[in-house]
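At position 158 of the sequence shown the residue is numbered 543 (the working numbering), and the sequence of numbers has no breaks. Here a beta-carbon is modelled for each residue, glycine too, at the ideal position from N, C-alpha and C. Just so it is clear, the structure is predicted and the values come from calculations on it, not from any experiment. One structure is given here, and the rest of the page talks about it.
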Amino acid sequence: MRLTRYTDYALRTLIYVGLHEPRQSSIAEIARAYGISENHLTKVVHQLGRLGLIRTIRGRGGGLRLAKPPEEIVVGAVVRQTEDDLALVECFAGAGCAITAPCRLRRALGEALAAFLAVLDRYTLADLLGGRDGLDIARLLGLPAPGEAPADVTGAGA
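The following block contains the structure:
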């Protein structure tokens, strides 16, 4: 099973925005933090907004925020909503195969896919943001730790 870059970017965007709460995030800063294309990320953010996972605020002072608490964002659901095709093999997508009816491979792969998604369904965005790992990720992304003031990136400090 391999997830698309689109789903990867969606999950990473949710992690970034979740770690940056309560402050707003921008597409430009998320793209810069991960070293990914702003244009591609814009499409991802648009879909996350349509799915009700991210709230976008337009205009001066705008940005991105989570639209619901991290505890309500289930990783498995995000994967299902952002992956175009979870068909592991052609017969999953309805393509003909001479051995489809008695094929144990199809059943085994179907069971494996269901198990994969079931594991992801046990995790929420809150699980991905929590504990020491969340603090380490925030530090790697250049985000302040919870309760810490943002770094002065303009050089115009107090």
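If you draw a straight line from the Cα of Q466 to the Cα of I442, it is about 22 angstroms long. Listed in chain order, the non-local C-beta contacts of V459 below 7 angstroms within the same chain comprise D506 and T509, local neighbours out to five positions each way being set aside.
It is roughly 13 angstroms from the alpha-carbon of P455 to the alpha-carbon of T398.
Straight-line spacing of the CA atoms in G434 and D470 works out to 21 angstroms.
Judged by DSSP in its simplified three-state form, I421 adopts coil rather than helix or strand.
Here the alpha carbon of G519 sits roughly 7 angstroms from the alpha carbon of L404.
Counting every other CB atom within 10 Å of its CB across the protein chains shown gives E496 a total below 16, marking it as exposed.
Counting along the chain, L451 sits inside the beta strand (DSSP E) bounded by residues G448 to L451.
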